[in-house]
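Just so you know, we're using our numbering here: the sequence shown kicks off at 104 and counts up by one.
Beta carbons: idealized from backbone N, C-alpha and C, even for Gly.
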Amino acid sequence: MQNMSFLNSCENSYEKSHENTYKINIENRDYSKWNFIPELNDSTVVPLTLRLFDGDIFIYENPCIIVESPVRSAKEIAGILLLENNRTYGRASRNLSSTSSSSKKSRLFYKCIPDNPRLPAFLVPYEIAIGFSKKFVNKYVTFKFKEWTIEQTHPVGTLVETIGDVTHLPAYCEYRLCTRELRYSITAFTQFVKTQIKEKRTCVENIINDPKFNIRDISDDKTRIIAIDPEGSRDFDDALSALEFNERYTVSIHIANVFVWLESLNLWDFMTESCASIYLPDKRRHMLPPILSNDLCILNSYEEKRIAFTMILVLDKYANIIGVDFQNTAVKIAKNYVYETAECLHDPVYKLLHKLAKMQDPRVIDSHDVVAHWMIKMNEICGEKLAKCGAGIFRKTSSISEKNTYSVLPTDLKQNTRQMMQSWLTHSAAEYVTKCGDDEIEHAIMKTQNYAHITSPIRRLVDILNQMWLIWELGIIDKEVCGKKSHKFLESNLENLAKINKNMRAIKKTQQECETLYKISENPEIQEKVHLGFIMDISRDKIIAYLEELNIIISVSTSMDNLELYSYCNFRVFEFEDEYKIKQKLRWIIL
104 MQNMSFLNSC ENSYEKSHEN TYKINIENRD YSKWNFIPEL NDSTVVPLTL RLFDGDIFIY
164 ENPCIIVESP VRSAKEIAGI LLLENNRTYG RASRNLSSTS SSSKKSRLFY KCIPDNPRLP
224 AFLVPYEIAI GFSKKFVNKY VTFKFKEWTI EQTHPVGTLV ETIGDVTHLP AYCEYRLCTR
284 ELRYSITAFT QFVKTQIKEK RTCVENIIND PKFNIRDISD DKTRIIAIDP EGSRDFDDAL
344 SALEFNERYT VSIHIANVFV WLESLNLWDF MTESCASIYL PDKRRHMLPP ILSNDLCILN
404 SYEEKRIAFT MILVLDKYAN IIGVDFQNTA VKIAKNYVYE TAECLHDPVY KLLHKLAKMQ
464 DPRVIDSHDV VAHWMIKMNE ICGEKLAKCG AGIFRKTSSI SEKNTYSVLP TDLKQNTRQM
524 MQSWLTHSAA EYVTKCGDDE IEHAIMKTQN YAHITSPIRR LVDILNQMWL IWELGIIDKE
584 VCGKKSHKFL ESNLENLAKI NKNMRAIKKT QQECETLYKI SENPEIQEKV HLGFIMDISR
644 DKIIAYLEEL NIIISVSTSM DNLELYSYCN FRVFEFEDEY KIKQKLRWII L
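In structure tokens, the structure reads:
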């Protein structure tokens, strides 16, 4: 090549409207296929020779000038460092300017395979800690770009973090989060909250006594408030109460008032881009610091007063809704129950909640249904309120096509399979949108219009955004007396809704993958059995199936063209380690 100085070039005066500007898309790791946008017909522009990465934007001149390179500017790139068999590729140059003896030591280069299949293998210097074991295990790592000169066959990177061995399941979980850019540090957030909290009870009283927050203290009322959650749960973000009087009823739905806590402690600058808590088999990754999500914000019975956002429904004797009111409240939770426990089922408040829910929907059966019914009711009503104000973020699903209608499902389908099918359709076809004009936003699965998530603000960002937006629109808190940072927080997230949707899908996929791998790794007998699966979706090169016995959803690559949608077939799984394509650690086959 005549001139390779473009490799580290970047012109500050560059404008993307430059007529000779191109973007390169590289389709595979070995650089055998690529294309340019716009099309560039010049056989001398060879990306490997020019040391271009996928996604690079360059000016087509002599020499070419790279003006934007996502790989070169990335803070970290996820990959697998190949240490097995101890194969090395020379030594890194010594850092003679450093006074550290360890940095002056010349380390060996090892090959590192990026998770992104469009990136070439890198060489990364690494020092193996020699112990009693002579067996070297490949590592999940992150690294960043250092250089790629004409003399170097492979680009060179520097290690950022060693996540762990590829044989270690918690390391797999962390690596998967990293590959999908779902890792966010809340260390600074946590420390700041701790500095703001001197005495918890004082903080609660300060909020109650601050006229800005318009809190109605009902903690001394005789109304019994209960919460019902899964065993072991710490996400106590909802509670319920019910009363009967003069052939009428009131049902109050209390939701953790995360917005008030964020505003009271001025925490907006510390909110990360995390859009939800992530539940993986090794541990939970919190959206909010545990001091908020497990302590200050939760609605539990161990504290005298809790801050809530409350919706009060007035029902007639037939359980028809005849009145709705919203308030910021201070409440006292009488009891935290676990689903389906005898203690819960015999509670008089639960019995009334169950009775009224079943009057509204005869399909309500157990305590799971009761809680879900009232949470859905609040999401529906809050969605309608937001829509009328021209505000809100809504959950939208497109109408299910003919091939996906429930009318073609087998009549003898098991209830849990039918529920899984509905859940899968809801998540795979749904997205968050804002309202435009007078158009109604349909949630086809829920069979409702303008459905807004608002009942899980401890673990989901959109619920916080809808909570603060509705509180403002209803005039419960004057948004003009709130700090500008809260306004900016809402506006920036509305602009970032596409990324929120992308990350929510990535979280769902990561949770499913990790749960499946853990279940199979810890129960090796699963690999010895044949498993019956219900085919939920068929595309050109893969199918999606639900395995009833294991209660998992799987994706199977296949070229078979004789499979029928909404039918059953048999599957087997094989587990193996492949340092190049980690998602092949589990391979399902159709029998």
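Contacts around residue i, its chain only, beta-carbon distance under 6 Å, and the 5 residues preceding and following it disregarded
i: residue 155; result: 127
i: residue 650; result: 634 and 636
i: residue 318; result: 311, 431 and 433
i: residue 200; result: At residue 200 the pLDDT is 45, less than 50, meaning the model places this residue with poor confidence; the figure from the coordinates comes in the next sentence. For residue 200, where only same-chain residues beyond five positions count, there are no Cβ hits under 6 Å.
i: residue 178; result: none
i: residue 342; result: 328, 330, 357, 402 and 436
i: residue 460; result: 467, 473 and 476
Same chain, Cβ closer than 7 Å to residue i, neighbours up to 5 away in sequence not counted
i: residue 660; result: 644 and 645
i: residue 554; result: 482, 483, 486, 497, 498 and 546
i: residue 505; result: Low confidence applies to residue 505: its pLDDT is 35, below 50, so where it sits in the model is not reliable, and the reading given next is rough at best. Counting only Cβ-Cβ distances below 7 Å, and skipping sequence neighbours, we find nothing.
i: residue 297; result: 394
i: residue 538; result: 490, 493, 495, 497 and 544
i: residue 508; result: Residue placement at residue 508 is poorly supported in this model, since its pLDDT is 47, which falls under 50; the coordinates still yield a value, given next. Within the same chain, residue 508 has no close Cβ partners at all.
i: residue 647; result: 639, 640, 656 and 658
i: residue 567; result: 361, 362 and 560
Simplified DSSP state of residue i, which is helix, strand or coil
i: residue 183; result: strand
i: residue 478; result: helix
i: residue 426; result: strand
i: residue 574; result: helix
i: residue 199; result: Because the pLDDT of residue 199 is 42, which lies under 50, any placement of that residue in the model is unreliable, and the number read from its coordinates should be weighed accordingly. Note: residue 199 maps to coil in three-state DSSP.
i: residue 265; result: strand
i: residue 691; result: strand
i: residue 271; result: coil
i: residue 466; result: coil
i: residue 508; result: The predicted position of residue 508 is uncertain, since its pLDDT is 47 and thus under 50; a value taken from the coordinates is nonetheless stated next. Looking at residue 508 - three-state DSSP - the assignment turns out to be coil, as it is neither helix nor strand.
i: residue 291; result: helix
i: residue 332; result: strand
i: residue 125; result: strand
i: residue 250; result: strand
i: residue 243; result: strand
i: residue 514; result: coil
Spatial distance of residue i from residue j (CA atoms)
i: residue 618; j: residue 390; result: 19 Å
i: residue 259; j: residue 223; result: 11 Å
i: residue 363; j: residue 284; result: 29 Å
i: residue 372; j: residue 591; result: 10 Å
i: residue 262; j: residue 399; result: 38 Å
i: residue 417; j: residue 425; result: 6 Å
i: residue 446; j: residue 404; result: 15 Å
i: residue 73; j: residue 382; result: Because the chain spans 104 through 694 in this model, residue 73 falls outside it and cannot be assessed.
i: residue 138; j: residue 161; result: 13 Å
i: residue 217; j: residue 577; result: 50 Å
i: residue 585; j: residue 415; result: 25 Å
i: residue 187; j: residue 233; result: 14 Å
i: residue 480; j: residue 413; result: 13 Å
i: residue 344; j: residue 663; result: 54 Å
i: residue 226; j: residue 589; result: 45 Å
i: residue 475; j: residue 668; result: 29 Å
i: residue 454; j: residue 289; result: 41 Å
i: residue 626; j: residue 281; result: 26 Å
i: residue 340; j: residue 689; result: 36 Å
i: residue 423; j: residue 477; result: 13 Å
i: residue 369; j: residue 534; result: 30 Å
i: residue 167; j: residue 247; result: 23 Å
i: residue 587; j: residue 366; result: 10 Å
i: residue 444; j: residue 174; result: 53 Å
For residue j and residue i, believed in contact at Cβ under 8 Å, the rounded distance
i: residue 452; j: residue 563; result: Not confirmed; about 26 Å, so no contact.
i: residue 615; j: residue 656; result: 6 Å
i: residue 228; j: residue 239; result: Contact doesn't hold; Cβ gap of about 16 Å is too wide.
i: residue 183; j: residue 245; result: No, residue 183 and residue 245 are not in contact; Cβ-Cβ is about 11 Å, not under 8 Å.
i: residue 275; j: residue 653; result: 19 Å between Cβ atoms; not a contact.
8 Å CB neighbourhood of residue i in its chain, flanking five on each side removed
i: residue 671; result: 635, 636, 637 and 638
i: residue 624; result: 272 and 678
i: residue 185; result: 213, 214, 215, 216, 241 and 682
Practice prompt. Spell out a yes or no on whether the stretch 597 to 609 and the stretch 418 to 438 are touching, meaning 3 or more CB-CB pairs, one atom from each, closer than 8 Å.
Written response: no
Discussion item. Closer than 8 Å is the cut-off here; do at least three beta carbon pairs connect the stretch 341 to 358 with the stretch 233 to 252?
Written reply: no
Worksheet item: With contact counted as at least three CB pairs below 8 Å, one residue from each stretch, are the stretch 356 to 372 and the stretch 556 to 575 in contact?
Response: yes
Worksheet item: Is there contact between the stretch 569 to 579 and the stretch 478 to 496, where contact requires at least three CB pairs shorter than 8 Å?
Response: yes
Fill in: Three-pair Cβ contact test at 8 Å for the stretch 332 to 339 versus the stretch 586 to 603
no
Worksheet item: Are the stretch 611 to 631 and the stretch 663 to 681 touching, with three or more C-beta to C-beta distances below 8 Å?
Response: yes
Worksheet item: Counting pairs of Cβ atoms below 8 Å between the stretch 523 to 534 and the stretch 578 to 588, do you hit three or more?
Response: no
Practice prompt. Answer yes if the stretch 124 to 141 comes into contact with the stretch 208 to 222, meaning at least three C-beta pairs across the two stretches below 8 Å, and no otherwise.
Written response: yes
Item to complete: Flag this pair as touching only if the stretch 454 to 469 and the stretch 404 to 413 have three or more C-beta atom pairs under 8 Å; answer yes or no.
Response: no
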